[in-house]
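Structure first, then comments.
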Ligand code: TR5
């Protein structure tokens with residue numbers, strides 16, 4: 014039986030860079046800015062839309078082409094780390110749509126897809142999304 018008596022009441026100390034990341038965005042299951050984009054309450058440059066996914070240009074592009082692909086139904090998918098087996102169909106579909114958009118955007122020589130997760134992954138919006146980046150030479154390691 015676990016007893017709280019043996020557990021420190023304090024979390025382990027964090028390095029300052031970890032604190033910065035943790036403060037950047039607090040993971041939450043609440044509504045995000047992406048819900049407002051889905052509901053067309055705030056404008057976005059939509060490049061693809063169907064009944065299951067929406068894709069729009071990132072407001073702060075990190076490459077000449079930077080598109081965010083999201084599921085319209087969040088269904089608990091605040092991030093990829095929350096994926097359950099029931100999500101496999103939408104996850105596969107999102108990847109397929111990402112490929113369609115890469116072609117639509119003319120990224121015939123290559124592109125990068127990224128999913129940030131959690132504070133150490135630099136995730137800032139807690140509604141699962143795929144970043145599609147292209148139009149320049151991508152580097153490795155990504156940093
Ligand atoms: O940091 P993560 O991986 O969570 O990615 C979230 C992405 O959403 C970032 O690349 C942001 O630049 C992008 N973002 C944030 C907002 C926004 C957006 N892209 C398009 N339109 C946006 N609006 C209207 N508002 C935002 N806050």
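Residue numbers (full-length UniProt numbering): 14 to 156.
C-beta: ideal position from N, C-alpha, C; glycine also.
It should be emphasised that the depicted structure is a prediction, and the values quoted were computed from it without experimental measurement.
If we count the other Cβ atoms within 10 Å of its Cβ and call it buried at 16 or more, is residue i buried or exposed?
i           : result
residue 147 : buried
residue 72  : exposed
residue 111 : buried
residue 113 : exposed
residue 132 : buried
Going along the chain, which residues of its own chain have a beta-carbon closer than 7 angstroms to the beta-carbon of residue i, five neighbours each way excluded?
i           : result
residue 84  : 65, 66, 90, 103, 107, 141
residue 95  : 89
residue 136 : 38, 92, 129, 130
residue 51  : 67, 85
residue 101 : none
Please determine, among the options, the residue with the shortest C-alpha to C-alpha distance to residue i.
i           : options         : result
residue 150 : 82, 50, 114, 75 : 75
residue 79  : 87, 58, 86      : 58
residue 125 : 153, 63, 44     : 153
residue 5   : 134, 116, 87    : With the chain represented from 14 up to 156, any question about residue 5 goes unanswered, as that position is not in the structure.
residue 120 : 62, 70, 69, 145 : 145
residue 70  : 63, 81, 109     : 81
Return the chain-ordered list of same chain residues with a C-beta closer than 8 angstroms to the C-beta of residue i, the five sequence neighbours on each side being excluded.
i           : result
residue 123 : 147, 151
residue 55  : 46, 49
residue 41  : 91, 139
residue 156 : none
residue 116 : none
residue 97  : 89
Residues in the same chain with beta-carbon distance under 6 angstroms from residue i, minus the five sequence neighbours each way, listed in chain order, please.
i           : result
residue 157 : Missing from the structure shown is residue 157; the chain here goes from 14 to 156 and no further.
residue 127 : 144
Uninterrupted beta strand (DSSP E) stretches inside the segment 87 to 144 (no shorter than 3 residues) | 125 to 127
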